[in-house]
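J.:
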Amino acid sequence: MNKKLKILTFLMLGFLLVSSIGLVTADTGDDDHDDDNDEVDDEFEHEEERQIEIEVESNQVEITSKSKNKDVENKFEIDVELSDYVEVKVGFSEEIEYYENGTEFEQETEYEFSVKFKEIIEFIDLNNNSIFDTGDDEVQVYDFDSFKPIEYSTEMLPSNNTLHKLLISTTDDVFKVHLFIVEEFEIVNGSLVTPMEAKIDLEFTNFNYMEAESQLALYVKLESEFEYSYEEETHNEKEGWSEDHEDGYSTHLAGETGFFTWDDFAMVDDVETPVEFTPISDDDDDPEEDKIYFNYARGNHIYHDPKIGFAVITAASPTNWLTIGLIGGGAVVAVATVALIVVGARKRR
Numbered sequence: 472m473n474k475k476l477k478i479l480t481f482l483m484l485g486f487l488l489v490s491s492i493g494l495v496t497a498d499t500g501d502d503d504h505d506d507d508n509d510e511v512d513d514e515f516e517h518e519e520e521r522q523i524e525i526e527v528e529s530n531q532v533e534i535t536s537k538s539k540n541k542d543v544e545n546k547f548e549i550d551v552e553l554s555d556y557v558e559v560k561v562g563f564s565e566e567i568e569y570y571e572n573g574t575e576f577e578q579e580t581e582y583e584f585s586v587k588f589k590e591i592i593e594f595i596d597l598n599n600n601s602i603f604d605t606g607d608d609e610v611q612v613y614d615f616d617s618f619k620p621i622e623y624s625t626e627m628l629p630s631n632n633t634l635h636k637l638l639i640s641t642t643d644d645v646f647k648v649h650l651f652i653v654e655e656f657e658i659v660n661g662s663l664v665t666p667m668e669a670k671i672d673l674e675f676t677n678f679n680y681m682e683a684e685s686q687l688a689l690y691v692k693l694e695s696e697f698e699y700s701y702e703e704e705t706h707n708e709k710e711g712w713s714e715d716h717e718d719g720y721s722t723h724l725a726g727e728t729g730f731f732t733w734d735d736f737a738m739v740d741d742v743e744t745p746v747e748f749t750p751i752s753d754d755d756d757d758p759e760e761d762k763i764y765f766n767y768a769r770g771n772h773i774y775h776d777p778k779i780g781f782a783v784i785t786a787a788s789p790t791n792w793l794t795i796g797l798i799g800g801g802a803v804v805a806v807a808t809v810a811l812i813v814v815g816a817r818k819r820r
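What follows is the structure, encoded as structure tokens:
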């Protein structure tokens with residue numbers, strides 16, 4: 472009888488544990504739907520969908536992206552300005568109303584930072600480290616001093632959402648910046664773009680090289696009220712929204728994370744080629760700003776894919792975690808009950 476009781480007890484314990492694990496798994500993952508095959512849950516996409524408004528001038532664009540389906544309203548803003556550089560400034564603002572001891576309070580968060588594409592440098596890499604730095608031979612500097620009017624267009628995507636596109640080009644078409652802004656998670660040119668970021672494709676075409684053994688560096692300035700930190704694993708990599716070949720810097724305020732990231736590879740004359748970058752450092756002209764250099768292999772056509780924006784956090788809702796807790800707690804209680812029955816049975820014997 473004792474042997475049979477032990478076997479029955481182990482069977483019941485095993486059944487309860489397997490059942491509880493299955494229920495928890497089902498609650499956390501099995502209900503996900505991804506009809507558009509972008510590896511993002513459709514319900515989460517709907518929650519993060521945004522409404523976009525754009526004002527376009529010849530040398531300036533203002534983009535406002537507002538939350539569409541959330542109880543708490545927030546704004547994601549993108550300002551593009553042409554001067555002797557191309558500046559892309561992003562901002563996030565949110566107002567939260569709450570009550571404490573019968574009194575209404577408002578909490579407001581505002582946060583912005585920017586990236587400026589300043590100039591192209593042709594250089595000879597004398598120390599063979601693949602980056603433009605001290606000791607290299609600077610051949611020429613290509614200044615961004617003349618631009619065509621900014622072009623704005625839209626494209627209807629298979630998801631029935633609108634893709635907003637900006638084209639910025641120097642007068643001679645040597646350097647172009649393609650900006651893509653989406654209303655919800657979308658695949659754009661093979662890359663997943665979130666509704667809280669702008670995809671910035673950099674294009675170099677028929678640069679007039681002066682030396683046969685030279686290559687190009689793009690001088691990039693970063694500006695923020697807060698320090699930038701290097702991310703070995705970017706936010707989108709952590710979420711599984713990009714391949715594991717991104718680099719970038721992030722800046723933080725009040726729980727929000729802003730980032731400027733880029734693909735580790737560029738297409739150079741239709742060949743995937745590594746992009747080297749210099750570590751961030753103080754800018755020579757303005758100590759309040761930072762600088763990095765993107766370094767590209769020599770080619771007639773170079774295409775590279777950075778992004779700028781704010782982190783979109785995916786986390787289980789309080790309801791989901793409560794459900795998981797109840798299921799797990801129920802399983803523990805059930806197991807404990809079986810254990811007490813066994814002990815009681817032994818005592819009676």
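When we follow my numbering, the leftmost residue of the sequence shown carries the number 472, and every step to the right adds one. We put the CB at the ideal spot given by N, CA and C, even for glycine.
(1) Measure the C-alpha to C-alpha separation of Thr580 and Glu524 and round it to an integer number of angstroms.
(2) In chain order, what residues of the same chain lie with their CB nearer than 6 Å to the CB of Lys647, ignoring the 5 residues before and after it?
(3) Among the candidates Gly661, His649, Val645, whose CA atom is the shortest distance from the CA of Tyr680?
(4) Select from His706, Glu571, Leu638, Leu663 the residue whose C-alpha is nearest the C-alpha of Tyr623.
(5) Which value, in whole angstroms, describes the spacing of the CA atoms of Ile592 and Leu628?
(6) Report yes if the CB atom of Asp576 is closer than 9 Å to the CB atom of Tyr570, and no otherwise.
(7) By DSSP's criteria, Asn766 is part of a beta bridge. Which residues make up the other side?
(8) Please classify Ile567 as buried or exposed, where buried requires at least 16 neighbouring CB atoms within 10 angstroms.
(9) Can you tell me whether Thr574 is buried or exposed, with buried defined as 16 or more other CB within 10 angstroms of its CB?
(10) Tell me the rounded alpha-carbon separation between Leu650 and Asn572.
(11) Consult DSSP for His772 and reduce its assignment to one of helix, strand or coil.
(12) Buried or exposed: which applies to Gly726, given that a residue is buried once 16 or more other Cβ atoms fall within 10 Å of its Cβ?
(13) My assumption, with CB atoms under 8 Å, is that Ser538 sits in contact with Glu544. Please give the rounded CB distance.
(14) Here's a check: name, in chain order, each residue in its chain whose Cβ is nearer than 6 Å to the Cβ of Thr722, leaving out the five neighbours to either side.
(15) Using the three-state DSSP reduction, which class does Lys619 fall into: helix, strand or coil?
(16) Alpha carbon to alpha carbon, how far is Asn660 from Ser630?
(17) Under the assumption that Asp734 contacts Asp761 (Cβ atoms under 8 Å), give the Cβ distance between them as a whole number of angstroms.
(18) Output the distance between the C-alpha atoms of Thr732 and Glu682, rounded to the nearest integer angstrom.
(19) Would you call the CB atoms of Val828 and Asp550 closer than 9 Å?
(20) Comparing alpha-carbon positions, which option in Leu634, Ile621, Glu590 lies nearest Phe678?
T.: Reading from the atomic positions:
(1) Walking along the sequence shown from the start, residue 580 turns up at place 109. Walking along the sequence shown from the start, residue 524 turns up at place 53. If I take the Cα positions, the gap works out to 21 Å.
(2) By 1-based counting over the sequence shown, the position of residue 647 is 176. Here the set comprises Ser640, Glu674.
(3) Sequence index remark: in the sequence shown, residue 680 carries index 209 (1-based). Of the listed residues, the one whose Cα sits closest to Tyr680 is Val645.
(4) The residue labelled residue 623 in the question sits at position 152 within the sequence shown. Measuring from the Cα of Tyr623, the nearest candidate turns out to be Leu638.
(5) Translated into positions along the sequence shown, residue 592 becomes position 121. Translated into positions along the sequence shown, residue 628 becomes position 157. Cα to Cα, the separation comes out at about 37 Å.
(6) The sequence position of residue 576 within the sequence shown is 105, counting from 1. The sequence position of residue 570 within the sequence shown is 99, counting from 1. Checking the displayed sequence, the identity of residue 576 turns out to be Phe instead of Asp. Yes; because the gap between Cβ atoms is below 9 Å, this pair is in contact.
(7) Stepping through the sequence shown from its first residue, residue 766 is reached at position 295. The partner list for Asn766 (beta bridge, DSSP) reads Ala688, Glu747.
(8) As a first step, residue 567 is located in the sequence shown; it is residue number 96 there, counting from the start. It counts as exposed.
(9) The residue given as residue 574 occupies position 103 in the sequence shown. Classification for Thr574: exposed.
(10) Here residue 650 refers to the residue found at position 179 of the sequence shown. Here residue 572 refers to the residue found at position 101 of the sequence shown. Spanning the two alpha carbons is a distance of roughly 47 Å.
(11) Within the sequence shown, numbered from 1, the residue matching residue 772 stands at position 301. His772 falls in the strand class under three-state DSSP.
(12) Position 255 of the sequence shown, counted from the start, is the residue given in the question as residue 726. Classification of Gly726: exposed, given that the 10 Å Cβ count is below 16.
(13) For this step, residue 538 is matched to residue 67 along the sequence shown. For this step, residue 544 is matched to residue 73 along the sequence shown. Contact holds; Cβ gap of about 6 Å.
(14) If you number the sequence shown from 1, residue 722 lands on position 251. Excluding sequence neighbours, Thr722 sits near Phe584, Ser695, Phe697, Tyr699, Gly729.
(15) Taking the first residue of the sequence shown as 1, we reach residue 619 at position 148. Here Lys619 sits in coil by DSSP.
(16) Walking along the sequence shown from the start, residue 660 turns up at place 189. Walking along the sequence shown from the start, residue 630 turns up at place 159. Taking the straight line from one Cα to the other gives about 15 Å.
(17) The residue you call residue 734 lines up with position 263 of the sequence shown. The residue you call residue 761 lines up with position 290 of the sequence shown. The Cβ separation is near 20 Å, so there is no contact.
(18) On the sequence shown, position 261 is the one that residue 732 refers to. On the sequence shown, position 211 is the one that residue 682 refers to. For Thr732 and Glu682, the distance between alpha carbons rounds to 31 Å.
(19) With the chain covering only 472 through 820, there is no way to say anything about residue 828.
(20) Translated into the one-based positions of the sequence shown, residue 678 becomes position 207. Of the listed residues, the one whose Cα sits closest to Phe678 is Glu590.
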